[in-house]
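**Q** 39 is the number that numbering that gives the first Met the number 0 gives to position 40 of the sequence shown; each next residue is one higher, with no gaps.
Cβ atoms here follow ideal geometry from the backbone N, Cα and C, with glycine treated the same way.
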Amino acid sequence: MNTTTKAKLFRHDFTLVAIGQIVSLFGNAILRFALPLYLLRQTGSAALFGLVSACSFLPMIALSFLGGVLADRVNKRNIMVALDFFTALLVVSVYLGLGRLPLVPLVLVALMLLYGISGTYQPAVQASIPALVEGEQVLRGGAVINQISSLSGLLGPIVGGMLFGAFGIFPILEISAACFFASAVMELFIRIPFAPREKGPGALSIVRADLRDSTRYIRREKPLLAKVILLVAAINLVMTSVMTVGLPVVVVDTLGMSDRMLGLFQGIGALGGLCGGLFVAAAGSRLTLRHSPRLLLLCSAFAGGLALPLLLGLSPAAGFWLITAFSFFIMALATVFSVQMMAAVQLETPPQLVGKVIALMIALSMCAQPLGQAIYGALFEQFPAGGGVILLAAAILSAGLSLLSRRIFADA
Numbered sequence: 000m001n002t003t004t005k006a007k008l009f010r011h012d013f014t015l016v017a018i019g020q021i022v023s024l025f026g027n028a029i030l031r032f033a034l035p036l037y038l039l040r041q042t043g044s045a046a047l048f049g050l051v052s053a054c055s056f057l058p059m060i061a062l063s064f065l066g067g068v069l070a071d072r073v074n075k076r077n078i079m080v081a082l083d084f085f086t087a088l089l090v091v092s093v094y095l096g097l098g099r100l101p102l103v104p105l106v107l108v109a110l111m112l113l114y115g116i117s118g119t120y121q122p123a124v125q126a127s128i129p130a131l132v133e134g135e136q137v138l139r140g141g142a143v144i145n146q147i148s149s150l151s152g153l154l155g156p157i158v159g160g161m162l163f164g165a166f167g168i169f170p171i172l173e174i175s176a177a178c179f180f181a182s183a184v185m186e187l188f189i190r191i192p193f194a195p196r197e198k199g200p201g202a203l204s205i206v207r208a209d210l211r212d213s214t215r216y217i218r219r220e221k222p223l224l225a226k227v228i229l230l231v232a233a234i235n236l237v238m239t240s241v242m243t244v245g246l247p248v249v250v251v252d253t254l255g256m257s258d259r260m261l262g263l264f265q266g267i268g269a270l271g272g273l274c275g276g277l278f279v280a281a282a283g284s285r286l287t288l289r290h291s292p293r294l295l296l297l298c299s300a301f302a303g304g305l306a307l308p309l310l311l312g313l314s315p316a317a318g319f320w321l322i323t324a325f326s327f328f329i330m331a332l333a334t335v336f337s338v339q340m341m342a343a344v345q346l347e348t349p350p351q352l353v354g355k356v357i358a359l360m361i362a363l364s365m366c367a368q369p370l371g372q373a374i375y376g377a378l379f380e381q382f383p384a385g386g387g388v389i390l391l392a393a394a395i396l397s398a399g400l401s402l403l404s405r406r407i408f409a410d411a
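(1) Let me know if Gly312 comes out buried or exposed under the rule of 16 or more other beta-carbons within 10 Å of its beta-carbon.
(2) Going by other Cβ atoms of all chains shown within 10 Å of its Cβ, with 16 needed for buried, is Ser182 buried or exposed?
(3) Give me the Cβ distance between Ile191 and Leu131, rounded to the nearest whole Å; I'm assuming they're in contact under 8 angstroms.
(4) What residue from Leu15, Glu173 and Pro222 has the CA that sits closest to Leu89's CA?
(5) Assuming Gln125 contacts Ile357 under a Cβ cut-off of 8 angstroms, what Cβ separation, rounded to an integer in Å, is found between them?
(6) Closest by CA to Leu310, which one among Val241, Ala393 and Gly385?
(7) What are the start and end residues of the alpha helix (DSSP H) that includes Pro104?
(8) Does Gly255 pass the burial test, meaning 16 or more other C-beta atoms within 10 Å, or should it be called exposed?
(9) Look at Leu112 and Phe25 and say whether their C-beta atoms are less than 8 angstroms apart.
(10) My output table needs one value for Leu254: the three-state DSSP class, helix, strand or coil.
(11) Out of curiosity, what's the CA-to-CA distance linking Ile374 and Val22?
(12) Return the first residue and the last residue of the alpha helix (DSSP H) that Ile168 is part of.
(13) If Ala70 and Ala123 are in contact, beta carbons under 8 angstroms, what's the gap, nearest whole angstrom?
(14) Among the candidates Phe325, Ser52 and Ala398, whose CA atom is the shortest distance from the CA of Pro104?
(15) With distances taken from CA atoms, which of Ile60, Met238, Leu15 and Gly167 is nearest Leu391?
(16) For Gly160 and Tyr37, I'd like the C-alpha separation in whole angstroms.
(17) Specify the secondary structure class of Leu187 as computed by DSSP and reduced to three states.
(18) Using 8 angstroms as the threshold, is the segment 393 to 408 in touch with the segment 218 to 236, meaning 3 or more CB pairs across them?
(19) Let's see if you can read the secondary structure: which residues bound the alpha helix (DSSP H) around Phe193?
(20) What residues in its chain sit with their C-beta under 7 angstroms from that of Ser213, if we drop five residues either side in the sequence?
(21) By the three-class DSSP mapping on this structure, what secondary structure does Leu403 have?
(22) Please report the Cβ distance between Gly266 and Ala46, rounded to the nearest whole angstrom; I am assuming they are in contact, meaning their Cβ atoms lie under 8 angstroms.
(23) Grouping DSSP H, G and I as helix and E and B as strand, with all else coil, what is Leu162?
(24) At 4 residues or longer, what runs of the alpha helix (DSSP H) sit wholly inside the segment 363 to 399?
(25) Are Ile234 and Ala225 close, meaning C-beta to C-beta below 8 angstroms?
(26) Under a Cβ-count criterion, where at least 16 other Cβ atoms within 10 Å of its own Cβ denotes burial, should Gly98 be classed as buried or exposed?
(27) DSSP three-state call for Leu261: helix, strand or coil?
(28) Are the beta-carbon atoms belonging to Phe48 and Pro58 less than 8 angstroms from one another?
(29) Since I believe Met341 is in contact with Gly141 (beta carbons under 8 angstroms), could you give me their beta-carbon distance rounded to a whole number of angstroms?
(30) If Gly66 sits next to Gly118, beta carbons under 8 angstroms apart, how far is it from one beta carbon to the other, in whole angstroms?
(31) Classify Ser364 as buried or exposed, calling it buried when 16 or more other Cβ atoms lie within 10 Å of its own Cβ.
(32) Rounded to a whole number of angstroms, what is the C-alpha to C-alpha distance between Val143 and Ala281?
(33) From Gln381 to Leu162, what distance separates their C-alpha atoms?
(34) Quick one: grab the DSSP three-state call for Leu97.
(35) Please work out which residues of its chain come closer than 8 angstroms, Cβ to Cβ, to Leu15, disregarding the five sequence neighbours upstream and downstream, and give them in chain order.
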């Protein structure tokens, strides 16, 4: 990337958005690492861990479309500022409530609110990219935001694991609250082009109308996108769920690793996502949707490797590092796929619809993940010695979806 390209991409307002994302997502990453781990350590229940994780995703699915509606009708900067201030207040409330309120409801409500806020927040960030960077830089702008998310996911669990192992949950809550507050203050200085719309019907009518517009656009103008949404939903059911629920249970319960090692595991997985984003930024337009089936098939192959340490009876240390290595490559490939899908929507969708279409895509594709998380949590609790078989079955199903995707992307 030459100097001219960097100057066009990293202008003042896009840079502030990027820095705000670094601070906010870091606080989010250590919080999302610590709260579920705290619950798992306190209860020792994989089923409860999976069920709470599943319920946490439901508000994100429900509110992501609302986030898209707001992103197209409200100043995107104001959305970011308000939600970061609210999240800081939420974290302070959790801090004060731990030890005074019942643990499971408190953690469940906190995670549901955090994911719901994320579902409302991210469409505003994604929809702001085309308004802040030039057309040919949208792909790289999206890759930069994805890299920031991956970097926060890398550092968050590592730092969170060290803090959690050494000091417990409270320092993590303090750092997270400070991050959200700092991000909100920084975002006050962002200028995102915005043209207020004339007042019209009520909120519910707007949501219904926007939902109708976005679904009509996908159905009539972009039928390929509808197939992609179904494919991603199936992948979330089969593979993403086992990564978010099954692998932490394997690392903590089956392999007996410490909180620091779990943080290292999740951090290295996030490093894979960061490397995938860097690859997209470097490859640029050379990557096309026709490469997607190969990416998914490679993901499935590495997913099959996750089962090997358990099936072969390797030592906990060897098993940990092998699973961690395979997770790195899975996250890298999954990130390349995700950035490709998001950039395709951003470039092909009219500006007045981009926020709604992105939100609808996120919401529909994520619908299956809570079901998968609940299923995997129950499976790992019912069959604690069968983790290898469960992981292998998930990899086989994922490979089947990869082969099916060849038909979907054949005309892309």
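**A** Reading it off the structure:
(1) exposed
(2) buried
(3) 7 angstroms
(4) Glu173
(5) 5 angstroms
(6) Gly385
(7) Leu102 to Leu131
(8) exposed
(9) no
(10) coil
(11) 33 angstroms
(12) That residue, Ile168, is in no alpha helix (DSSP H); it is neither H nor E in DSSP.
(13) 4 angstroms
(14) Ser52
(15) Met238
(16) 11 angstroms
(17) coil
(18) yes
(19) Premise fails: Phe193 is in no alpha helix (DSSP H) and is neither H nor E.
(20) Leu352, Lys355, Val356 and Leu359
(21) helix
(22) Not really, about 26 angstroms apart at Cβ, beyond 8 angstroms.
(23) helix
(24) 367 to 381
(25) no
(26) exposed
(27) helix
(28) no
(29) 6 angstroms
(30) 6 angstroms
(31) buried
(32) 11 angstroms
(33) 31 angstroms
(34) strand
(35) Met185, Glu186, Phe188 and Ile189
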